[in-house]
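For the numbering used here, add 33 to where a residue sits in the sequence shown, where the first one is 1.
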Amino acid sequence: MTTRKLYAHDPGADGWEVPASGAARFGWDYDSGRDRLLALYQKGKDKQWDSVKRIDWDLEVDPYDPLGVPDENMTIYGSPYWDRMGEAERREMRRHFAAWQFSQFLHGEQGAMVCAARIVESVPDLDAKFYSATQTMDEARHAEIYSRFLREKIGMLYPINDNLQSLLGDTLRDSRWDMPYLGMQVLIEGLALAAFGMMRDTTDKPLPKQILTYVMQDEARHVAFGRMALRDYYKELTDAELREREEFVIEGCYLMRDRLRGDEVLTDFGIPAKDARELSEQAEYLRLFRKLLFSRIVPCVKDIGLWGERLQRAYVDMGVLEMGDANLDLLMAQDEEIAEAYDAERFAAEEAARTAEVAETIAEGEAAAQGRPAPPGRARTTRGQVTGHRETTSRAEDSGT
């Protein structure tokens, strides 16, 4: 079965070609670089991981309730359309909404991979090329993970949302080398981080929580990279050049805000487009969701030096201006700490399971030697637990702990 057969509706052409312009830049100074960026590059190398080993893919997922979030979070909840649905149709809608959300994550990660590769090609500084090369691998891993989750656990994908595709196209078509940073590292990655975080903190399902937690650990470094590179560069730009970047941010933020509607899921269930838009606008959860999604973007935009009057007015219009004072460093540190704590918890549970399995095997051997019945069996560790243990042990050995 090809992936195309899993799409909820026809995604159109087999691929998407974006005509690109701009220079490929080489540098000949191989022994210099910014200490902060080189340290981030080292961290990027140290933190590489294998999704086949670190993720427990043996965990079961109910495709009709893959996230376990309350129905109140759905834009249609409480409407006459919801009330007329039977339980079977509601289960199918939960599946479609999860497929739509994770499909946009998947398409965004492929876009991030392409943008990171573009940065390797076009950025003039070798230290930035080094880090972008590690990020390209990170994004490939994320696309691999979301693709596998959608294909094997939900069994459905959605085409890329029009607004996300539009922002990706604008980012890739621009010939200025800093625009992939601004479009991807600041806007798309910043919004993705907030979306991942809200889902990570609300889902009670182990597999999606694992996936989101580990992906966010990588993404925290990516946003830090964009901040470092652009903060230095934007100090050198004229006011006119800064205003051009701010216009791009304003347009991109409106596109990303409108991207979050998910109207295509509702129309797939026969709800008229006009009613779908109204339901999205009126949904209390979605209004809160939209606002919190800018918690990573607004302080980052302010930090890199884009904070003109027109941009601030746009953020007032979106109701997110006050987020410019958020502590972005603290948010990123928390993302990494949550992943490390999650790893430690998994490691302890797997060690306990392995210890119990060894004790059971010894007891069975002693019983057989003495001609007694074997003691009642205990649950065996799964393949995912064993590989998770090996991955954790490998990382500990690599770091010298």
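Beta carbons: idealized from backbone N, C-alpha and C, even for Gly.
Since the model is a prediction, treat every value here as computed from it, not as a measurement.
- Following the DSSP letters along the chain, one finds GLU399 inside the alpha helix (DSSP H) bounded by residues 361-402.
- Classified as exposed, ILE395 has fewer than 16 neighbouring CB atoms from the shown chains inside 10 Å of its CB.
- Excluding five sequence positions before and after LEU226, the CB atoms of its chain that fall closer than 6 angstroms to its own CB belong to GLU252, ARG329, given in chain order.
- Taken in chain order, the complete alpha helix (DSSP H) segments of 4 residues or longer contained in the region 284-348 are 296-301, 306-315, 317-326, 330-336.
- Here GLU172 is buried. Its C-beta has 16 or more other C-beta atoms within 10 Å.
- Secondary structure of TYR40 (DSSP, three-state): strand.
- If only uninterrupted beta strand (DSSP E) runs of at least 3 residues are considered, none is enclosed by the region 232-278.
- With a cutoff of 8 angstroms on beta-carbon distance, PHE182 and ILE244 are scored as near each other.
- The three-state reading of DSSP puts LEU190 in strand, counting E and B together.
- GLU383 and GLU373 have their C-alpha atoms some 15 angstroms from each other.
- According to the DSSP assignment, ALA131 belongs to the alpha helix (DSSP H) that extends over 120-155.
- Taking a C-beta distance under 8 angstroms as the contact criterion, ILE187 and ARG128 qualify as a contact pair.
- For TYR63, no alpha helix (DSSP H) run applies, since DSSP gives it neither H nor E.
- Distance check between MET249 and each of LEU275, TYR266, GLU222 places GLU222 closest, using alpha-carbon atoms only.
- Secondary structure note for MET170: its alpha helix (DSSP H) is the uninterrupted segment 159-181.
- In the three-state scheme derived from DSSP, where H, G and I count as helix and E and B as strand, TYR214 is classed as helix.
- The Cβ-Cβ distance between ARG67 and ASP203 does not fall below 8 angstroms.
- The continuous alpha helix (DSSP H) containing LEU200 extends over residues 195-206.
- When DSSP states are grouped into helix, strand and coil, TRP115 belongs to the helix group.
- A check of alpha carbon separations from ASP95 across PRO239, ALA262, ALA166 identifies PRO239 as the nearest.
- Taking 8 angstroms as the cut-off, the beta carbon of LEU220 is found closer than this to the beta carbon of VAL282.
- Taken atom to atom, the span from the alpha-carbon of VAL147 to that of GLY55 is near 15 angstroms.
- The beta carbons of ARG206 and ALA53 sit about 6 angstroms from each other, so the pair counts as a contact at 8 angstroms.
- Counting along the chain, LYS78 sits inside the alpha helix (DSSP H) bounded by residues 68-79.
- Close CB contacts of GLN403 within its chain, under the 7 angstroms cut and outside five residues either way in sequence, are absent.
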